[in-house]
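What follows is a single structure, written as structure tokens, with notes after it.
Protein chains: 2
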Amino acid sequence: MDSKTLCLGVLSRGEASGYEIKKAFEEGPFSHFHQASFGAIYPSLNALSNEGLVACRAQAQEKRPDKKIYSLTAKGRDAFAAALLSQPDHDRVRSDFLFILFFAQFLPPARVGALIDERIAWYRQSLERMEDCTETNVVPAGAAFVRGMGIAVYRAAAEYLETNRDALVADVAEPEALVAE
Amino acid sequence: MDSKTLCLGVLSRGEASGYEIKKAFEEGPFSHFHQASFGAIYPSLNALSNEGLVACRAQAQEKRPDKKIYSLTAKGRDAFAAALLSQPDHDRVRSDFLFILFFAQFLPPARVGALIDERIAWYRQSLERMEDCTETNVVPAGAAFVRGMGIAVYRAAAEYLETNRDALVADVAEPEALVAE
DNA sequence: GGTTGCATGTAAATGGTTACATGATTGT
DNA sequence: ACAATCATGTAACCATTTACATGCAACC
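Heads up: the sequence lines are chains F and Y, in that order.
Under full-length UniProt numbering, think of the first position of the first sequence as 1, with each following residue one higher.
Under full-length UniProt numbering, think of the first position of the second sequence as 1, with each following residue one higher.
Below is the structure:
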């Protein structure tokens, strides 16, 4: 799934500028399962414009660069629908947190505890934001489904960390205890 | 977290060849939260060897390229321990599956159902493998913790998909029903 | 006075994947 | 016969990130 398709997806929800598309991946609904930077978005929008998949309307602004507002064309909508039918790539998770924790026995116990506490706080904060999200407008079924899955998974992760944190810290504090016995 | 640190991590569990390191990321315990390809592993091992962080011992084999078995040096062990102390980067999830499902209303209902069914099967299969993993040797506390977290999260994901699948398929089949009412 | 937010864009550097190259053995 | 497994390695290619370039307004 390339940056161009990602942009089409955001635009299918309504017109937006490059800056606003970035926000959708940084704080918005996509932030938990996809990312895109300016360096990827701006060139993608130019390419999509050249291909006629998006239309661009410049909004003049005082003391600021013109805001370029992009919207899907009919052709763009078709291209996006077609892209959605392709078989999705496997999910890719890159978690340095889990990699580091895997080697918890090489870390000071306090560090292990701190690492887990930070992560619990992060999950709890994310959950609050996701649950608070009382949308004014009607949320499409797909968006609601994905949001619900995010909440379910994050909740399970936070609960697991909370439940097992102390046992892990104790284990790495007494590495010989089990082996000696 | 670069490929070199990833290799050091695998080698901290015991000596291995490049091919075996690859397997650790493809089917092994790291496969769910990190990935590395031959193109990343072999150059990393060479660099680590030049830096004196790993030692290499060639094992002659008949009718096959020599197997190069790498192992951590004392210097390598220190470097790895130091790398583990650095603040982990944020987790990065790239899920085309969730992105596509987010736009479920643009897909044929049957496709939505099939997509979810495939994913449930994948989670269930992964869970079986993770749970079956009755290790003969003692599992370090960190590894057990990470494995447990994987199981908890995958289970929550599978259960959510199973519980909410039919409702989503029904929703996308009758998109007007709710809006018209 | 410094940081954050708004707003666009480019260029260099990074890092990694994919494909290629080689080749025997074992299983279907 | 054909695919998969074992086994290493290189090179081209790709995508993305990071840094740079510019600049005002609002907030602390």
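The beta carbon of each residue, even a glycine, is placed where N, CA and C say it ideally should be.
Distance from the CA of residue 98 (chain Y) to the CA of residue 146 (chain F), rounded to the nearest whole angstrom, comes to 6 Å. Sorting Y:171, Y:133, Y:5 by C-alpha distance to the C-alpha of residue 109 (chain Y) places Y:171 at the top.
Taking each of Y:152, Y:138, Y:161 in turn and checking the Cα distance to residue 117 (chain Y), the smallest one comes out for Y:161.
The beta-carbon separation of residue 3 (chain Y) and residue 55 (chain Y), rounded to 19 Å, does not stay under the 8 Å limit for a contact. Against chain Y, the CB of residue 48 (chain F) has no partner CB under 9 Å away; the residue lies outside that interface. Considering only F:113, F:151, F:144, F:115, the residue with the shortest C-alpha distance to residue 128 (chain F) is F:151. In summary, residue 86 (chain F) is exposed, with fewer than 16 beta-carbon neighbours lying within 10 Å of its beta-carbon over all protein chains present. Around residue 143 (chain F), the same chain offers 29 as residues with beta carbons nearer than 8 Å, after the five sequence neighbours per side are excluded.
In the assembly as shown, residue 167 (chain Y) is an exposed residue. Its beta-carbon has fewer than 16 other beta-carbons within 10 Å. At a cut-off of 9 Å between beta carbons, residue 43 (chain Y) makes no contact with chain F. Interface criterion not met: the Cβ of residue 124 (chain F) is under 9 Å from no Cβ in chain Y.
The Cβ neighbour count for residue 112 (chain F), taken over all protein chains shown within 10 Å, is at least 16; the residue is labelled buried. Within its own chain, the residues whose Cβ lies closer than 6 Å to the Cβ of residue 80 (chain F), once the five positions on either side in sequence are excluded, are 8, 12, listed in chain order. For the C-beta of residue 88 (chain F), the chain Y residues within less than 7 Å are, from N- to C-terminus, 96, 97, 100. Around the C-beta of residue 34 (chain Y), 16 or more other C-beta atoms lie within 10 Å, and the residue is accordingly described as buried. Annotation for residue 87 (chain F): no beta strand (DSSP E) segment contains it, and DSSP assigns it neither H nor E. Within chain Y, the residues 104, 105, 168, 171, 172 have their CB atoms less than 7 Å from the CB of residue 141 (chain F), given in chain order.
Here the C-alpha atom of residue 44 (chain Y) lies approximately 23 Å from the C-alpha atom of residue 90 (chain Y). In terms of beta-carbon proximity, residue 145 (chain F) lines the interface with chain Y, with at least one pair separated by less than 9 Å. Counted as a single uninterrupted DSSP element, the stretch harbouring residue 71 (chain Y) is not any alpha helix (DSSP H) but the beta strand (DSSP E) occupying residues 67-72.
Beta-bridge analysis with DSSP links residue 56 (chain F) to F:70. DSSP places residue 125 (chain F) in the uninterrupted alpha helix (DSSP H) bounded by 109-132. At a cut-off of 9 Å, the C-beta of residue 29 (chain F) has a neighbouring C-beta in chain Y.
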